[in-house]
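Heads up: the sequence lines are chains A and B, in that order.
One point on numbering: in full-length UniProt numbering, the residue at position 192 of the first sequence is 192, and numbering is uninterrupted.
One point on numbering: in full-length UniProt numbering, the residue at position 99 of the second sequence is 99, and numbering is uninterrupted.
A virtual CB, placed ideally from N, CA and C, is assigned to each residue, including glycine.
What you are looking at is a predicted structure, and each value in this text was computed from that prediction instead of being measured.
Worksheet: one structure, shown below.
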Amino acid sequence: MEKKWISSVSLSLLLAGSVLAGCSTDNGGEGSGGDSGDKTTVTLAGWGGNPTEQALLEETLADFEEQNPDIDVKLEVIADQYMDVMKTRLIGGEGPDVFYLDAFEAPAMIETGVIEPLDEYVTDEFEVEDFEEPLLDAFKQDDVTYGFPKDYSTLALFYNKTMFEEAGVEVPTTWEEMMEVSKALTKDGVYGFGVAPELARQYYIAESLGGSVVEDNKANFGSEEVIEALQPVIDQHNVDKTSAQPSEVGASSGGDMFGQQRAAMVLEGNWNIPYLAETFPDLEYGTAEVPTVNGEKGTMAYTVAYVMNAASEKKEASWKLIEYLTGKEGMETWTSKGFALPTRKSVAEKLGYADDELRGSLVAGAEYATVWANGTNLPIITNNFNNQFISAFLGDRPLDEALKEAEEQANSEIGSEE
Amino acid sequence: MNRKYSKRSLQEAGQGYFFMSPTIFVLLIFILGPIFYAIFLSFNNVRLLGETSFDFVGLANYERVFDDRRAGIALWNTFKYVIIVVPCQTILAIVLAATLNAGMKGEKFFRIIYFLPTLTSSAVLTLIFMWMYNREGLVNFGLEKIGLPTYDFIGDPNVALTAIMIMNIWATAPFFMVIYLAALQDIPDSLYEAAELDGAGPIRKFWSITVPHLKPITSFVVIMSVIGTFQLFDQSYIFSGGSGGPDNSTLTVVLLIYQYAFKSMDTMGYAAAIAFVLAIVILVSTLIQRKLSKEENLY
């Protein structure tokens, strides 16, 4: 009898075992792939771009593999919900060796300790000083560098040349001029200015009067200076009625709104140039630097870095990959078609984007841009800001009331986490 | 150890459990395990990324639910959604089923047509509806043609939730219609014949025979749709791009749970606590519903 029990128990264990083994075959495959032919396989994960961009990345990786015959790069494209996937994989210990990290998410990720500090890998040859400093600073914490920015984009003013000619107006250089020009351009369902009422796009305006949106890692956008600075954005929409957000004209994004000729001006980034060329090839447009707010030049900069997983078992090879991708040669290939702007001054100079007709104003912005990153709590702060800012933008409630309430909510969320 | 069971019956029980072991195993690992783990999480301050840590905090996560203004908004939105969608889709389902059961021509054709929305994946459906709800989309075009005001369904906080409600009523009602159709086949024809002899018209027959006979099915349908609507997630997620905006108007409880679990760091425990509050709310409303429907028995 006992024998039967033992056999049935062992059989069920066997069954259970095979179920579990089924889950982990993937793991075994990866390990053996790494050993074959003394090659190290480094996994690189990122979100997908358009096909041309993807081809450029593959070209860069092929160059790298040619120079480092002992390293194989396995590219994993995460199509959607990049950060959710990445966090889950890192928690499960299945994270890639090298991956993309947006500056906006960087501080919180760095704080958890899952990102490898890169300072000790850096050699003199790598020339860290060559990077645009504000962009590099976004990936530093306590003077330790955790990632090297692969590219960036700033915002610039995109304007519709045909509409400007018809209305007989000049390209605005100050915010006041922009508001005036908008009045002349608004007619027949076309708005002068397309706005994205969200913090990622309004941050530099919010801080233009000396206020700060984030203070001591807490929300501070309910302060007088910030409210006063943002009021013109609200007024242009509700009083002048010369601006609109994309959904108000049935567009899906600022670029779409501009391309469909429903807005004569939008503030967009580098991504908009290939988008317009592909989707609206006949559009006659130009770019200019963002109009000055209260006499000060300002714009946003968005940047993404390559970072290394602290739990990676192939750190040497991973560093080689990062070193190549953010090095002069790799970056030149990657940014050669202008889908992204190079973060290295020397590469930017070599590719000559500063003199490019369309990209020149984007490059010029790098100097004075505010990098979209600020402390570990920016995601919470942004979420609450966006939620209430839109209600003020639509005229449902006064701006000061909306922002003060949002600030309170953001800080209560932050407070209860500590 | 008592000797109540003979060796034989023990052996038989052992065999039985052995044969069930794969199922039991799956249930434990994939259903019971996660539930208990979630209960455990809800009493802890959980940090998963980096150095994993669990700090026992007692009921602090549950207390936080009641202080959190967004949790309040999410509950209120979900509640509004349930209160409006459940009756609407139930009534629509009965009406659709009754018309399909009336013996008209082309019944089968209409059955298929009516059932199509339920077959469509909710993600695809939401994307299609977002096109129709576009500022210059089909819905606004129609409204304008008949001289009604038009709306920015996606961008305006005042109408965004209503837009999702309409979409869901349209998509889920046919599913319950099929259940009602099956129930309608069970009502004996003799009842209708007797009613006809007594001089009842079609409307009277509907109210006096069809509706009372459908009562048990109705309580099933209502419970299922209450549970389903409380768990609204995908539509509002796609509609708002995951933010619950504009102005928290499409923020539902499950969407909030998702945001706390995956979007912000170290709030997994709090997310688990909200999930339990939601489970309790659903349980209570189901119990109330059962109590109400039991009070008036048909037979």
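| Query | Result |
| --- | --- |
| Could you give the first and the last residue of the continuous beta strand (DSSP E) run that contains residue 46 (chain A)? | 40-47 |
| Should residue 156 (chain A) and residue 264 (chain A) be called a contact, given that it needs their Cβ atoms to be closer than 9 Å? | no |
| Taking its Cβ as the centre, do 16 or more other Cβ atoms sit within 10 Å of residue 43 (chain B), making it buried, or is it exposed? | buried |
| Since residue 107 (chain B) meets chain A, which of its residues come closer than 7 Å, beta carbon to beta carbon? | Here the premise fails: no neighbours, minimum Cβ distance about 39 Å. |
| For a cutoff of 9 Å on Cβ pairs, would you count residue 49 (chain B) as touching chain A? | yes |
| Quick check on this structure: which residue in B:234, B:264, B:262 and B:263 has the alpha carbon closest to the alpha carbon of residue 250 (chain B)? | B:234 |
| Expressed to the nearest angstrom, what Euclidean distance is found between the alpha-carbon atoms of residue 367 (chain A) and residue 196 (chain A)? | 23 Å |
| For residue 304 (chain A) and residue 149 (chain A), which I take to be in contact (beta-carbon distance under 8 Å), what is that distance rounded to the nearest angstrom? | 7 Å |
| Note down the Cα distance separating residue 230 (chain A) from residue 284 (chain B), rounded to an integer number of angstroms. | 45 Å |
| Would you tell me roughly how many angstroms separate the C-alpha atoms of residue 209 (chain B) and residue 251 (chain A), rounded to the nearest one? | 51 Å |
| Hey, would you say residue 241 (chain B) sits closer than 9 Å to residue 247 (chain A), going by beta carbons? | no |
| Using only CA atoms, which one of A:211, A:210, A:202 and A:223 lies nearest to residue 234 (chain A)? | A:202 |
| With DSSP as the reference, please indicate the residues paired to residue 286 (chain A) in a beta bridge. | A:159 |
| My guess is that residue 97 (chain B) and residue 177 (chain B) are in contact by the Cβ rule of under 8 Å, so how many angstroms apart are they, rounded? | 5 Å |
| What number of angstroms, rounded off, separates the C-alpha of residue 169 (chain B) from the C-alpha of residue 139 (chain B)? | 16 Å |
| Quick check: what's the CA-CA separation for residue 351 (chain A) versus residue 45 (chain B)? | 50 Å |
| Would DSSP call residue 78 (chain A) helix, strand or coil? | strand |
| Looking at the strands, I want to know which residues DSSP matches up with residue 300 (chain A). | A:370 |
| Along the chain, where does the alpha helix (DSSP H) containing residue 122 (chain B) start, and where does it finish? | 122-133 |
| For residue 247 (chain B), collect the residues of the same chain with a Cβ closer than 7 Å to its Cβ; drop the 5 residues on either side in sequence, then sort them by chain order. | 157 |
| What are the start and end residues of the alpha helix (DSSP H) that includes residue 47 (chain B)? | That residue, residue 47 (chain B), is in no alpha helix (DSSP H); its beta strand (DSSP E) goes 44-47. |
| Answer yes or no: does any C-beta atom of chain B fall closer than 9 Å to that of residue 399 (chain A)? | no |
| For residue 269 (chain A), collect the residues of the same chain with a Cβ closer than 6 Å to its Cβ; drop the 5 residues on either side in sequence, then sort them by chain order. | 153 and 155 |
| Could you tell me if residue 8 (chain B) is buried or exposed, where buried requires 16 or more neighbouring beta carbons within 10 angstroms of its beta carbon? | exposed |
| Could you tell me whether any Cβ in chain B is nearer than 9 Å to the Cβ of residue 45 (chain A)? | no |
| Which residue spans inside the segment 172-218 of chain A form an unbroken beta strand (DSSP E) run of at least 3? | 191-194 |
| Taking CB distances under 9 Å as the criterion, tell me whether residue 52 (chain B) reaches chain A. | yes |
| Can you give me the C-alpha to C-alpha distance between residue 236 (chain A) and residue 167 (chain B), rounded to a whole angstrom? | 34 Å |
| Taking the beta carbon of residue 95 (chain A) as the centre, do at least 16 other beta carbons fall within 10 Å, making it buried, or is it exposed? | buried |
| Nearest to residue 200 (chain A) by CA position, among A:387, A:402 and A:313, is which residue? | A:387 |
| In or out: residue 288 (chain B) buried (at least 16 other Cβ within 10 Å) or exposed? | exposed |
| Let me know the secondary structure DSSP gives residue 89 (chain A) once reduced to three states. | helix |
| Taking its Cβ as the centre, do 16 or more other Cβ atoms sit within 10 Å of residue 18 (chain A), making it buried, or is it exposed? | Because the pLDDT at residue 18 (chain A) is just 49, under 50, the model does not fix this residue reliably, and the value given afterwards should be weighed accordingly. With fewer than 16 Cβ atoms within 10 Å of its Cβ, residue 18 (chain A) is classed as exposed. |
| Scan the segment 381-393 of chain A for residues whose Cβ lies nearer than 8 Å to a Cβ of chain B and list them as they occur along the chain. | 383, 386, 387, 388, 390 and 391 |
| When the Cα atoms are used, what is the spatial distance from residue 201 (chain B) to residue 293 (chain B)? | 27 Å |
| With a 10 Å radius around its C-beta and 16 neighbouring C-beta atoms as the bar for buried, classify residue 68 (chain B) as buried or exposed. | buried |
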